[in-house]
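One structure is given below, encoded as structure tokens.
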Amino acid sequence: MRRGPGDVAAARPLVSLRHVTKAYPGVLANDDVSLDLGQGEVHGLLGENGAGKTTLMGILYGLHRPDAGRILFRGSEVAITEPRDAMALGIGYVQQHFSLIPTLTVAENLVLALHFGGRRIGLRESESTVRELSRRYGLDVEPGARVDELSVGQQQRAELLKALARRPSVLILDEPSALLSPQEAEHLGTVIRQLADDDGIGVILISHKLEEVLSVVDRITVLRRGRLVRTLDAAEATRGLLGELMVGELQAGEEAYERADRGEPAAVLEVSDLWVRGGRGAPAVQGVSLTLRRGEILGIAGLEGSGQVELVEALAGVRTPERGRVVLGGRDVSRLPVAERQRLGIGHIPPDRRRDGLVPTLTVAENLTLTTLGHGGFSRFGILRRGAIRRHAAELVRRFDVRVPSPDVKVSTLSGGNQQKVVVARELWRQPAVVLSCYPTWGLDFAAASAVHRELVRQRNEGAAVLLASMDLDELLLVADRIAVMQGGRLMGELPAREATAERLGLMMGGAG
Amino acid sequence: MDRHFVSLLLVSAVGLAAPLLFAALGEVVSETAGVINIELEGMMLAGAFCGVWGAFESGNVAVGFLAAAAGGILVAGAHGVVCFVFRANQVVSGVVLNVLVLGLTTFGLAVVFESNLARQVSTLENLRIPGLASVPVVGRAFFDQDAGVYAAFLLVPVLWFVLNRTALGLALKAVGERPQAAESLGLRVNPMRWAALLACGALAGVGGAQLTLAGLGAFTQNVTAGRGFIALAAVVFGRWRPVGTMAAVLLFAVADALQIRAQALGIHIPYQFLVMLPYLVTILALAGLVRRMRPPAYLGVNYQRE
Amino acid sequence: MSAFRARSGIVWSLLVPLVSVALALATAGLLLVASGTDPITAFHSMWSAALGSSFAIGTTIVKTMPRLLPALGIGLALRAGLWNIGAEGQIYVGAIAATGVALFGPQLPFRGTTALALLAGGLAGAAWGAIPGVLRAARGISEVITSLMLVYVAVQLANYLVEGPWLVPNTTFPATEPVPPDSRLPIVWTGTLVHAGVVVSVLAVLAVWFVVARTSFGLRLAAVGGNDRAARVAGISVAATTIVAMAASGALAGLAGGVEVLGSRGQLIEGFSPGYGFEAIAIALLGRLNPLGIVAASLLFGALDAGGAGLQTAAQGVSSSIVPVTEGLAVVYVLVGLGVVELLSRRRRAKAALEEAHHLDVRPVGQVAP
Numbered sequence: 215m216r217r218g219p220g221d222v223a224a225a226r227p228l229v230s231l232r233h234v235t236k237a238y239p240g241v242l243a244n245d246d247v248s249l250d251l252g253q254g255e256v257h258g259l260l261g262e263n264g265a266g267k268t269t270l271m272g273i274l275y276g277l278h279r280p281d282a283g284r285i286l287f288r289g290s291e292v293a294i295t296e297p298r299d300a301m302a303l304g305i306g307y308v309q310q311h312f313s314l315i316p317t318l319t320v321a322e323n324l325v326l327a328l329h330f331g332g333r334r335i336g337l338r339e340s341e342s343t344v345r346e347l348s349r350r351y352g353l354d355v356e357p358g359a360r361v362d363e364l365s366v367g368q369q370q371r372a373e374l375l376k377a378l379a380r381r382p383s384v385l386i387l388d389e390p391s392a393l394l395s396p397q398e399a400e401h402l403g404t405v406i407r408q409l410a411d412d413d414g415i416g417v418i419l420i421s422h423k424l425e426e427v428l429s430v431v432d433r434i435t436v437l438r439r440g441r442l443v444r445t446l447d448a449a450e451a452t453r454g455l456l457g458e459l460m461v462g463e464l465q466a467g468e469e470a471y472e473r474a475d476r477g478e479p480a481a482v483l484e485v486s487d488l489w490v491r492g493g494r495g496a497p498a499v500q501g502v503s504l505t506l507r508r509g510e511i512l513g514i515a516g517l518e519g520s521g522q523v524e525l526v527e528a529l530a531g532v533r534t535p536e537r538g539r540v541v542l543g544g545r546d547v548s549r550l551p552v553a554e555r556q557r558l559g560i561g562h563i564p565p566d567r568r569r570d571g572l573v574p575t576l577t578v579a580e581n582l583t584l585t586t587l588g589h590g591g592f593s594r595f596g597i598l599r600r601g602a603i604r605r606h607a608a609e610l611v612r613r614f615d616v617r618v619p620s621p622d623v624k625v626s627t628l629s630g631g632n633q634q635k636v637v638v639a640r641e642l643w644r645q646p647a648v649v650l651s652c653y654p655t656w657g658l659d660f661a662a663a664s665a666v667h668r669e670l671v672r673q674r675n676e677g678a679a680v681l682l683a684s685m686d687l688d689e690l691l692l693v694a695d696r697i698a699v700m701q702g703g704r705l706m707g708e709l710p711a712r713e714a715t716a717e718r719l720g721l722m723m724g725g726a727g
Numbered sequence: 047m048d049r050h051f052v053s054l055l056l057v058s059a060v061g062l063a064a065p066l067l068f069a070a071l072g073e074v075v076s077e078t079a080g081v082i083n084i085e086l087e088g089m090m091l092a093g094a095f096c097g098v099w100g101a102f103e104s105g106n107v108a109v110g111f112l113a114a115a116a117g118g119i120l121v122a123g124a125h126g127v128v129c130f131v132f133r134a135n136q137v138v139s140g141v142v143l144n145v146l147v148l149g150l151t152t153f154g155l156a157v158v159f160e161s162n163l164a165r166q167v168s169t170l171e172n173l174r175i176p177g178l179a180s181v182p183v184v185g186r187a188f189f190d191q192d193a194g195v196y197a198a199f200l201l202v203p204v205l206w207f208v209l210n211r212t213a214l215g216l217a218l219k220a221v222g223e224r225p226q227a228a229e230s231l232g233l234r235v236n237p238m239r240w241a242a243l244l245a246c247g248a249l250a251g252v253g254g255a256q257l258t259l260a261g262l263g264a265f266t267q268n269v270t271a272g273r274g275f276i277a278l279a280a281v282v283f284g285r286w287r288p289v290g291t292m293a294a295v296l297l298f299a300v301a302d303a304l305q306i307r308a309q310a311l312g313i314h315i316p317y318q319f320l321v322m323l324p325y326l327v328t329i330l331a332l333a334g335l336v337r338r339m340r341p342p343a344y345l346g347v348n349y350q351r352e
Numbered sequence: 003m004s005a006f007r008a009r010s011g012i013v014w015s016l017l018v019p020l021v022s023v024a025l026a027l028a029t030a031g032l033l034l035v036a037s038g039t040d041p042i043t044a045f046h047s048m049w050s051a052a053l054g055s056s057f058a059i060g061t062t063i064v065k066t067m068p069r070l071l072p073a074l075g076i077g078l079a080l081r082a083g084l085w086n087i088g089a090e091g092q093i094y095v096g097a098i099a100a101t102g103v104a105l106f107g108p109q110l111p112f113r114g115t116t117a118l119a120l121l122a123g124g125l126a127g128a129a130w131g132a133i134p135g136v137l138r139a140a141r142g143i144s145e146v147i148t149s150l151m152l153v154y155v156a157v158q159l160a161n162y163l164v165e166g167p168w169l170v171p172n173t174t175f176p177a178t179e180p181v182p183p184d185s186r187l188p189i190v191w192t193g194t195l196v197h198a199g200v201v202v203s204v205l206a207v208l209a210v211w212f213v214v215a216r217t218s219f220g221l222r223l224a225a226v227g228g229n230d231r232a233a234r235v236a237g238i239s240v241a242a243t244t245i246v247a248m249a250a251s252g253a254l255a256g257l258a259g260g261v262e263v264l265g266s267r268g269q270l271i272e273g274f275s276p277g278y279g280f281e282a283i284a285i286a287l288l289g290r291l292n293p294l295g296i297v298a299a300s301l302l303f304g305a306l307d308a309g310g311a312g313l314q315t316a317a318q319g320v321s322s323s324i325v326p327v328t329e330g331l332a333v334v335y336v337l338v339g340l341g342v343v344e345l346l347s348r349r350r351r352a353k354a355a356l357e358e359a360h361h362l363d364v365r366p367v368g369q370v371a372p
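Note that the protein sequences, when read in sequence, are chains V, Z and B.
For the first sequence, the numbering used here assigns the number 215 to the initial residue and increments by one for each residue that follows.
For the second sequence, the numbering used here assigns the number 47 to the initial residue and increments by one for each residue that follows.
For the third sequence, the numbering used here assigns the number 3 to the initial residue and increments by one for each residue that follows.
Structure (structure tokens):
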């Protein structure tokens, strides 16, 4: 039973965030954000990655301290400096990264969670609480099982039970269905409504799945680059409107790139029946087959956790596939190490430049040399040719427009956009036959993102086969020639970019099936 | 090997095990919470020194043990300040504190006892438990020992209970396994780690005193002679659990006792190979050749909010 | 701006160790006062024994070598983010191998046996160091505990040899026969104890500096140490780098063992290393992983050691143990000092980030109108 918009507006808000601001080095994660949550309301919080949703919720839960702003609870100002304070107010938080202790059982985790929330129960009582809550909400969890032996879906349920056992008045759910099957996700939606309607809990739901959000929430707040764009009632929201609010309209000055004609049939990279395990050991890529052709950009659209990252890593050699073939120029490279694949003509722009791309303690010039240490003119008999390295770095800095005082400064002093340009320059200057790129514009501003797009298009025009994995449909619609959709580790289908629309891709991505 | 020999071997093994057991159990607490103490040796040495000093000044063995705990806590406190407040690497801090404590106790030996010859103090007396002590073979080993030995072994079930059956134990595990998650559960990670570290210091200090006050009755330079490292090995070999650690300590102590008596026995294994046994089996155990095991996930990693 | 930052970094990395050493000496002075010793007399006798004459300076140099070589190796491994806590053990196996070759190996002309013995020492140390490296690369086991455990295995191995098969017949002092004079490192500074190990040490410093600063392997080490995941994604073999780094680190420590036996002691003696390998960890840190810094820190520790010996003979009742106290304090102060610098710069960075992000106004919490 959903409320009318008036109900929520009339009720005094349970929680109010007022003018919250939080800065991290180089980014303003939250900039003057205000948000109200009513009793029994399900409030969707939407935005791209890096829009500031998780930071905002972290502030509400006492994990981060805001630089400015205040929090009102039932109308009076409260100081939440650590999670204990939030818990004492009845705020529960189910995080994206589980807060269960993997080496303990579900019941033990519950004892721990309640104990430091001020309620002391024994193991036996904890077990019966788990059983009772399982029954009540239809969330099946075995209390005696060790968490690290549970499936991801079971862990998600245990996490939710743990939050519910504290009898919260406010519940924050961060991407609760990201790792669930469509059936599990649908059931979760029912549970969320039950919590709001029957128990009067105010729920804040963060999700990337627009359909899911639209089907359960009362109101929606959209964040973009740390700012609040708009808060609207679910009734007035549509997929298209939300997408536009989240991503922004295609910004003025965005050049339209010419599409490649599909005239070049030459397959450069052929992938057949590829299976790859993800970080948790679960199969992340399940039987993917695809072909990359010369002179085209193949977009892979997908949500977080769809298996894009693992697919690209397996192609680049960072991850070893379970089975399947990756054929590059007639040769199976699926078991070759990264360096060998680089030599055979693969360039790889990894998903997270700070984690996977750069060594922060090294200079720009050194970072630019990392992939070519073993050969090229940069070392002879293992001795670095520093002059050549510096000249080369200076050349790349100019060509790829990296804004940097000198190639000898530490790469960590660069802005995000310039860091990404360093990665792009290192991977693409040799004009690799195959370009693998994963989230290459993640967290970049418009100008830096455009520079990356232009470079990918240029590589294609010069004959490279480019794979672009992205969560951003507009990006794919802008530069890709073909777009395949990935979900749950499988390719769901493929459209020529000319025929693709955000609507059609979204339906394929959102797990409508 | 006759029964008499086995009995004597066990008596000395159990006695040798007690100092190790105190320190190793302390280290179990600390490592469970994610703090590694390479300076366990230094904690024991400080305890051994302060124990004799306290007993010497007061003429009372109990005061000696209290002073020993204080000495261990002091070393632990230094480790905590350097690592938690100034965020230094725990391994480096541990290594350096070992050097420092060895120097300080040697220096103190000269100053406090006014000569390099250690003053003799009275030691703990054996408390014979009538009846049980007469059980053949194991009776004397387990029921005719001093109070320190009984305390060390009684600590095992106590610690087992705390770690496995109380919220405090679960919290310690959470803090060592997933500090971020523990924080979001409302636990205060660094205060918990401080508590675990100081408890470890106290226990290791008492372990050092057990060496000097229960046995030798005097402090000599570097009297612990690597026992802290053996205790560290026992924690790994005992898979970070109290009972397993006790088993490891007993195994190492038997090897030590055997080493002392090897010649009497006519065993022709050079004793040095028995001495290296604890270290070798620990490496093999870590390598998974004996049994695969996993330390707490955040062992040795300092935690900072934000 | 960034140039300024770089310069202030250099200032800190000199200032922190210098201030720490000064504070450590001051603290040691206070301890001496507290123990009823005149610190001026004590420090004076330390000074004479460490630097007061050419013989004293020679002694300082001799005491520097067994600390310098392992510290270089520890610094090398640490560049790759690896903790070689077991240098002490690598020193022992190096000494065993060098002694074995010198005593039982072929007697070669032109100091060939010496070279061969040093090589054997280095190789033995490399093998001992490679074990934790392999275990880490292949099975993901932290090198900290394994390298530490191997120390005591090596020490007992040496004990076994000098008390057993290599013990001089009909003696009880646990030591081997002296190595033949032709196999020893010759004295290179007459009138002092300085032997040719000093040449080996200088070459090692240059070699380590060259590898770190000028070779692709040095860059790989730094990449693995700076971000091992990015290094792997860039095609660098983290496993191979780990193993080679630990082996190289062990080789330098093993070389130190060989130099100590063939240069200073002339025979393998039980317990000949009073913890050089552990001190070397402190030295590597005090020297901030920079080869020149490590040379300076080793000289400091060598001088303290030489001075300590003078202290024991000169001042009645003062223990030379004030030396390890000073060493330990110096490094504890360095750790604290580095922590302070980091805390200050973090605070500065956080403030700068906020201002930068806001462009203009920084509003503290609680001063915002609703």
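We put the beta carbon where it would ideally sit given N, CA and C, even for glycine.
Helix, strand or coil: how does DSSP classify L385 of chain V here?
-> Against the first sequence, residue 385 of chain V aligns to sequence position 171. It is a strand residue.
Minimum C-alpha distance to G289 of chain V - residue among V:D250, V:K267, V:Y307 and V:T319 | Numbered from its first residue, the first sequence carries residue 289 of chain V at position 75. Closest by C-alpha distance to G289 of chain V, out of V:D250, V:K267, V:Y307 and V:T319, is V:D250.
7 Å CB neighbourhood of A122 of chain Z in its chain, flanking five on each side removed | One-based indexing of the second sequence puts residue 122 of chain Z at position 76. The answer, listed in chain order, is M89, L243, L244, C246 and G247.
Is any beta-carbon of chain V found at less than 9 Å from that of Q226 of chain Z?
-> In the second sequence, residue 226 of chain Z corresponds to position 180, counting from 1. At least one C-beta of chain V is nearer than 9 Å to the C-beta of Q226 of chain Z.
For R334 of chain V, return the contacting residues in chain Z, with the cut-off set at a CB-CB distance below 9 Å.
-> To locate residue 334 of chain V, count along the first sequence from 1; it is residue 120. R334 of chain V reaches chain Z at A213, counting residues in chain order whose Cβ is nearer than 9 Å.
Beta carbon proximity, G15 of chain Z to chain V, threshold 9 Å | Because chain Z is modelled from 47 through 352, residue 15 of chain Z falls outside the range shown and cannot be assessed.
Taking Cβ positions, are G333 of chain B and L291 of chain B nearer each other than 9 Å?
-> Indexing the third sequence from 1 puts residue 333 of chain B at position 331. Indexing the third sequence from 1 puts residue 291 of chain B at position 289. Note on residue identity: the sequence assigns Val, not Gly, to residue 333 of chain B. It is not a contact, given that the beta carbons lie outside the stated cut-off.
Say whether chain B places a C-beta atom closer than 9 Å to the C-beta of D570 of chain V.
-> Against the first sequence, residue 570 of chain V aligns to sequence position 356. Interface residue, yes.
Residues within the stretch 268–300 of chain V neighbouring chain Z, beta-carbon criterion of under 8 Å | Against chain Z - using a Cβ distance shorter than 8 Å - the residues of the stretch 268–300 of chain V are Y275, L277, H278, R279, E296, P297 and R298.
How long is the line joining the alpha carbons of L16 of chain B and S47 of chain B, rounded to whole angstroms?
-> On the third sequence, position 14 is the one that residue 16 of chain B refers to. On the third sequence, position 45 is the one that residue 47 of chain B refers to. About 27 Å.
Flag A327 of chain V as yes if its beta-carbon sits less than 9 Å from any beta-carbon of chain Z, otherwise no.
-> Taking the first residue of the first sequence as 1, we reach residue 327 of chain V at position 113. Closer than 9 Å to some Cβ of chain Z, the Cβ of A327 of chain V qualifies, so yes.
So, helix, strand or coil for Y278 of chain B, using DSSP?
-> What you label residue 278 of chain B is simply residue 276 of the third sequence in a count that begins at 1. Reduced to three states, the DSSP call for Y278 of chain B is helix.
Rounded straight-line distance, which links the Cα of F219 of chain B to that of A242 of chain B = Translated into positions along the third sequence, residue 242 of chain B becomes position 240. Translated into positions along the third sequence, residue 219 of chain B becomes position 217. Straight-line Cα distance between these residues: approximately 11 Å.
Under the rule that 16 or more other beta-carbon atoms within 10 Å means buried, what is D245 of chain V, buried or exposed?
-> Here the question's residue 245 of chain V lines up with position 31 in the first sequence. It is buried - the Cβ of D245 of chain V has at least 16 other Cβ atoms within 10 Å.
Buried or exposed: which applies to P176 of chain B, given that a residue is buried once 16 or more other Cβ atoms fall within 10 Å of its Cβ?
-> As a first step, residue 176 of chain B must be located in the third sequence, where it is residue number 174. It is buried - the Cβ of P176 of chain B has at least 16 other Cβ atoms within 10 Å.
Between which two residues does the beta strand (DSSP E) harbouring S651 of chain V extend?
-> Here the question's residue 651 of chain V lines up with position 437 in the first sequence. That run of the beta strand (DSSP E) goes V648 to C652.
Mind listing, in chain order, the continuous beta strand (DSSP E) runs of no fewer than 3 residues lying wholly within the stretch 251–275 of chain V?
-> 256–260
Return helix, strand or coil for K748 of chain V, following the three-state DSSP convention.
-> Past the boundaries of the shown model lies residue 748 of chain V; chain V is included only from 215 to 727, so the question cannot be answered.
From what residue to what residue does the beta strand (DSSP E) around P497 of chain V run?
-> Counting from 1 along the first sequence, the entry for residue 497 of chain V is found at position 283. Element bounds for P497 of chain V: P497 to R507.
Please check if any C-beta of chain B sits within less than 9 Å of the C-beta of V490 of chain V.
-> On the first sequence, position 276 is the one that residue 490 of chain V refers to. Output row for V490 of chain V: interface = no.
Cβ of L54 of chain Z less than 9 Å from any chain B Cβ?
-> Walking along the second sequence from the start, residue 54 of chain Z turns up at place 8. Taking Cβ atoms only, chain B never reaches closer than 9 Å to L54 of chain Z, which makes this a no.
Between F319 of chain Z and the rest of its own chain, which residues show a CB-CB distance below 7 Å, the 5 nearest in sequence each way excluded?
-> On the second sequence, residue 319 of chain Z is found 273 positions in, with the first residue counted as 1. None.
Name the two residues that bound the continuous beta strand (DSSP E) containing E708 of chain V.
-> Locating residue 708 of chain V in the first sequence gives position 494, where the first residue counts as 1. Its beta strand (DSSP E) spans residues R704 to P710.
Measure the CB-CB distance between L257 of chain B and V202 of chain B and report whether it falls below 9 Å.
-> On the third sequence, position 255 is the one that residue 257 of chain B refers to. On the third sequence, position 200 is the one that residue 202 of chain B refers to. Against a cut-off of 9 Å, the Cβ pair of V202 of chain B and L257 of chain B comes out as a contact.
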